[in-house]
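If you read the sequence shown in the working numbering, its first letter stands for residue 1, the second for the next number, and so on. We put the beta carbon where it would ideally sit given N, CA and C, even for glycine.
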Amino acid sequence: MQGVDPAWLPDEAFRPIGTRRTLIRGSGPLVDTVHGEVAEACGRFGGSVSRDSAAAPEPGPYDLVLELTGTEGGETYTFGRGDGRTTVTASGASGLLYGLFHVVRLGEAAFHGGDRQREQHAPALALRMLDHWDNVAVHPVMGQVERGYAGGSLFWADGRARGELLGRVRAYGRLLAACGINAVAVNNVNVHEAEARLLTDRIGEVARIAGALRPYGIRTHLSVTFAAPMVLGELPTADPLDEAVRAWWAEATARVYEAIPDFGGFVVKADSEGQPGPFAYGRSHADGANMLGAALEPYGGTVHWRAFVYDHRQDWRDRRTDRARAAYDHFVPLDGQFAGNAVLQVKHGPMDFQVREPVSPLIGAMPRTRLAVEMQATQEYTGQQRHVCWLGPLWSEVLRFRPDGVPVADLADAMVAVSNVGDDPFWTGHPLAQANLYTFGRLAWQPDADPGAILDEWIRLAFGPGPSSGLHAVLDGSWRTYEKYTAPLGVGWMVQPGHHYGPSVDGYEYSPWGTYHFADRDGIGVDRSVTTGTGYAGQYSKWWAEVYESPDTCPDELLLFFHHVAYGHVLRSGKTVIQHIYDTHFEGVEEVEAAQRVWAGLADLVGPARHARVAELHEEQLRSAREWRDQINSYFLRKSGVPDAHGRRIY
Ligand code: GCU
């Protein structure tokens, strides 16, 4: 698209296909998409593409055969090489599309070497979804995209679904398919007035967006308000057990499917941060979710019910209430009560996407409930797409964590990320934040993949071979670098209230949000042990509960999440807590400076527009990292009175 960064699908990535002879077998809309992709590449690079719907393979001088053998919607494909020919076979049309992008990722390597045994590729998780926190109308406080750092919405502009710009939505769908994502929710989980109407009289607009995403195998979902029957239907109640309310939802859902026959389902934030929910009627969250599940069931739709339920009007003086406990306390008693098409969507950590949190103890604690693990690609607490912070290693750690022997990836039915995309020409504001979106999609397809290999794959596709080692160096350790110069040892928060950018050590300390660090002159951290604290550590299975219970066994990086310790407490690393704080904050800034130097050396290899944008953002990252370093170090020097062992400048 004109003026828009091609991200991981530059024309060049199609050269190996576009210079060869391809045969496509099969029919249907997604096969048309595959054909269109290959035909366009051939038009550009001189190869040829034939289409053949006959039953037996045409013998012919083909280099690549893309063959659909069935009619289902399956996503699996096989890839192999024999007789000098590369073959992708799929029994479902989505599989053929994913197989095409597999060939694109391999590039020339897909066409070289001798025979290759057929490999089967299948996604580990059936649902790989992005939630857009996009508002239709610009919200007075949150703007167009809540926690969005990449411009306005891709889907909505001037209070309506984009009209002439739906080409951009299609291009977005193409990028998503190329990294394996197959579902999108098109509006914010906080459903305001205009957005509530998308469910009913404005469903036509959603249908247009769905139409632009469909050619790339992406199903559209909608965030809905639990109060819809009252807000839109003028019923006196939204009680999930009330017959009129249930009938209203059934009717509304039927109309949604008339407009969008392959509609994916609803996303619901209920009884959370002021959103309406079943508590108002003395009903459970299972009652709420199951009512929507029943409405969606005849059409094969799914309700994504979010578990982000906690008391956001807490008293900071009350040391017994612990926000980290809330999701587990609310939902575990409901295990087994949720309908088969209800998926409980759980944030990966118990708080809210801090740079470091333990894995939520709710994950694995509800074996009879379907689970979606929610990540945050938008960098609300990780630098807001002004800082380089590649989250692949964080997500991979979460997916490999074993709550009770089985990895999170195997417990989940779905993986969801809050999108980091907007109408910015680079899609994600910071051009390097594209790596987060790409990595999310690829990990959702294969959660045990090495994130570093995914990073290299993205670099190769988006930038070609030239700058690979430099780019790898800039991105690979960037999450740990960010962790070093921000809140230490898992304690979290310490951000400016409201917008959450930049340091404010006590910004949330006396607030109602349940986000405290309890620093005093002697020490810091939250005692979440069972013996002396909030009991949160006891929400884990026995093995982890024991690990987290004691400061002696708790991993350093989570120490202040689980324990209140003295500044002189010696970490497993051998350093005291206070010296760790000083050292990591100096190191973090040095690492940003080093990354900036590496980037400067890539000027000739990454294209001028990308180079300039990243260089400019690096300046801001460095300024901000220094601000973090100096505020955090000064705060703790002043509180503790313990000098830096190396005598460095602290204010
Ligand atoms: C965070 C974020 C909100 C968002 C909420 C959610 O609290 O700051 O903007 O609405 O998460 O996930 O629902």
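Measure how close the beta-carbons of Val355 and Thr378 come, nearest whole angstrom, since I'm counting them as under 8 Å.
Numbered from its first residue, the sequence shown carries residue 355 at position 355. Numbered from its first residue, the sequence shown carries residue 378 at position 378. With 8 Å as the limit, Val355 and Thr378 do not qualify as a contact, their Cβ atoms being about 14 Å apart.
Excluding the 5 residues preceding and the 5 following Asp456 in the sequence, name in chain order all residues of the same chain whose CB lies nearer than 7 Å to its CB.
In the sequence shown, counting from the first residue as 1, residue 456 sits at position 456. Excluding sequence neighbours, Asp456 sits near Ser468 and His472.
Contacting residues, own chain, Cβ-Cβ under 6 Å from Glu205 (five flanking each side not counted)
Working through the sequence shown from its first residue, we reach residue 205 at position 205. Answer for Glu205: Ala161, listed in chain order.
Determine, using beta carbons only, whether Arg400 and Pro407 come nearer to each other than 7 Å.
Translated into positions along the sequence shown, residue 400 becomes position 400. Translated into positions along the sequence shown, residue 407 becomes position 407. Yes, the pair counts as a contact, with Cβ atoms nearer than the cut-off.
Every unbroken alpha helix (DSSP H) inside the region 128-192 [4 residues or more]:
As far as the region 128-192 is concerned, its whole alpha helix (DSSP H) runs of at least 4 residues are 166-179.
Neighbour-count burial assignment, Glu251, 16 or more Cβ in a 10 Å radius
Here residue 251 corresponds to residue number 251 of the sequence shown, with the count starting at 1. Here Glu251 is exposed. Its C-beta has fewer than 16 other C-beta atoms within 10 Å.
Tell me, please, which residues DSSP counts as bridged to Leu371.
Counting from 1 along the sequence shown, the entry for residue 371 is found at position 371. As DSSP reads the structure, Leu371 sits in a beta bridge with Leu344.
Looking at Asn341 and the ligand GCU, is the gap between the Cβ and the nearest heavy atom below 6 Å?
Taking the first residue of the sequence shown as 1, we reach residue 341 at position 341. Not under cutoff, so the answer is no.
Using a Cβ-Cβ cutoff of less than 6 Å, which residues in the same chain neighbour Gly265 once the five nearest sequence positions on both sides are dropped?
The residue given as residue 265 occupies position 265 in the sequence shown. Closer than 6 Å at Cβ, skipping near neighbours: His221, Leu296, Gly301, Thr302 and Val303.
Can you give me the start and stop residues for the beta strand (DSSP E) that Ser50 sits inside?
As a position in the sequence shown, residue 50 is number 50, starting the count at 1. Counting along the chain, the beta strand (DSSP E) containing Ser50 begins and ends at Ser48 to Asp52.
Would you say Val104 reaches chain C, if we count a Cβ-Cβ gap shorter than 7 Å as a contact?
Considering every chain present, this structure includes no chain C. It has just one protein chain.
Which value, in whole angstroms, describes the spacing of the CA atoms of Gly114 and Arg168?
On the sequence shown, residue 114 is found 114 positions in, with the first residue counted as 1. On the sequence shown, residue 168 is found 168 positions in, with the first residue counted as 1. Rounded to whole angstroms, the separation of the alpha carbons of Arg168 and Gly114 is 40 Å.
First and last residue of the uninterrupted beta strand (DSSP E) at Val359:
For this step, residue 359 is matched to residue 359 along the sequence shown. Where Val359 is concerned, there is no enclosing beta strand (DSSP E), given that its DSSP letter is neither H nor E.
According to the Cβ coordinates, are Leu213 and Ala414 closer than 7 Å?
Position 213 of the sequence shown holds residue 213. Position 414 of the sequence shown holds residue 414. Their beta carbons are not under 7 Å apart, which means Leu213 does not touch Ala414 by this criterion.
Determine which residues share a DSSP beta bridge with Gly523 and list them.
Looking up residue 523 in the sequence shown gives position 523. Bridge pairing for Gly523: Ala566 [DSSP].
Start and end residues, alpha helix (DSSP H) containing Ile203:
The residue labelled residue 203 in the question sits at position 203 within the sequence shown. Judged by DSSP secondary structure, Ile203 falls within the alpha helix (DSSP H) whose first and last residues are Ile203 to Leu213.
First and last residue of the uninterrupted alpha helix (DSSP H) at Trp479:
Position 479 of the sequence shown, counting from 1, holds the residue named residue 479. In the DSSP annotation of this structure, the continuous segment of the alpha helix (DSSP H) that includes Trp479 starts and ends at Ser478 to Tyr485.
Opening and closing residue of the alpha helix (DSSP H) in which Glu546 lies:
Taking the first residue of the sequence shown as position 1, residue 546 is located at position 546. Per DSSP, the unbroken alpha helix (DSSP H) holding Glu546 starts and ends at Lys542 to Glu549.
Is the CB-CB distance between Gly523 and Tyr482 below 7 Å?
Numbered from its first residue, the sequence shown carries residue 523 at position 523. Numbered from its first residue, the sequence shown carries residue 482 at position 482. The answer is no: Cβ separation not under 7 Å.
Which term fits Ala600, buried or exposed, when burial requires 16 or more other beta carbons within 10 angstroms of its beta carbon?
By one-based count along the sequence shown, residue 600 stands at place 600. With fewer than 16 other Cβ atoms within 10 Å, it is exposed.
Please list the segments of the beta strand (DSSP E) lying wholly inside the region 410-485, counting only runs of 3 or more residues, in order along the chain.
Listed in chain order, the complete beta strand (DSSP E) runs (minimum 3 residues) inside the region 410-485 are 414-418.
Taking the CB atoms as reference points, tell me whether Tyr485 and Trp628 lie closer together than 7 Å.
For the purposes of this step, residue 485 is identified with residue 485 of the sequence shown, where counting begins at 1. For the purposes of this step, residue 628 is identified with residue 628 of the sequence shown, where counting begins at 1. For Tyr485 and Trp628, yes; Cβs fall inside 7 Å.
Could you tell me which residues DSSP pairs with Val267 in its beta bridges?
What you label residue 267 is simply residue 267 of the sequence shown in a count that begins at 1. In the DSSP secondary-structure assignment, Val267 is bridged to Ser223 and His304.
Backbone secondary structure at Gln621 - three-state DSSP:
What you label residue 621 is simply residue 621 of the sequence shown in a count that begins at 1. Correct three-state label for Gln621: helix.
Would the C-beta of Phe308 count as close to the ligand GCU, meaning under 6 Å from any of its heavy atoms?
Taking the sequence shown and counting its residues from 1, one reaches residue 308 at position 308. Yes - the ligand GCU has a heavy atom lying nearer than 6 Å to the Cβ of Phe308.
Same chain, Cβ closer than 6 Å to Glu591, five either side skipped, listed in chain order:
The sequence position of residue 591 within the sequence shown is 591, counting from 1. Here the set comprises Thr481.
Identify whether Gly18 lies in helix, strand or coil by the three-state DSSP scheme.
Position 18 of the sequence shown, counting from 1, holds the residue named residue 18. Here Gly18 sits in helix by DSSP.
Determine which residues share a DSSP beta bridge with Thr78 and list them.
As a working mapping, residue 78 is identified with position 78 in the sequence shown. Within the DSSP secondary-structure output, Thr78 pairs in a beta bridge with Thr89 and Gln120.
Between the C-alpha atoms of Ala462 and Gly525, what's the straight-line distance to the nearest angstrom?
Here residue 462 is taken as the residue at index 462 of the sequence shown, counted from 1. Here residue 525 is taken as the residue at index 525 of the sequence shown, counted from 1. Approximately 42 Å, taken between the alpha carbons.
Just grab the DSSP bridge partners of Pro503 for me.
Along the sequence shown, read from residue 1 onward, the residue named residue 503 stands at position 503. Within the DSSP bridge table, the entry for Pro503 names Val495 as partners.
Per the DSSP calculation, Gln376 is bridged to which residue(s)?
Position 376 of the sequence shown holds residue 376. For Gln376, the pairing in a beta bridge is given by DSSP as Val418.
Val256 by DSSP, collapsed to three states: which one?
What you label residue 256 is simply residue 256 of the sequence shown in a count that begins at 1. Helix.
Can at least three beta-carbon pairs, one atom from the region 514-522 and one from the region 420-436, be found at a separation below 8 Å?
In short, these stretches do not touch, since the Cβ pair count stays below three.
When you measure from the CB of Lys575 to every non-hydrogen atom of the ligand GCU, does any distance come out below 6 Å?
Along the sequence shown, read from residue 1 onward, the residue named residue 575 stands at position 575. Not under cutoff, so the answer is no.
Identified DSSP bridge partners for Leu292
Indexing the sequence shown from 1 puts residue 292 at position 292. Secondary-structure assignment with DSSP links Leu292 through no beta bridge to anything.
Determine the burial state of Tyr62: buried for a count of at least 16 other Cβ atoms within 10 Å of its Cβ, exposed for fewer.
For this step, residue 62 is matched to residue 62 along the sequence shown. Classification for Tyr62: buried.
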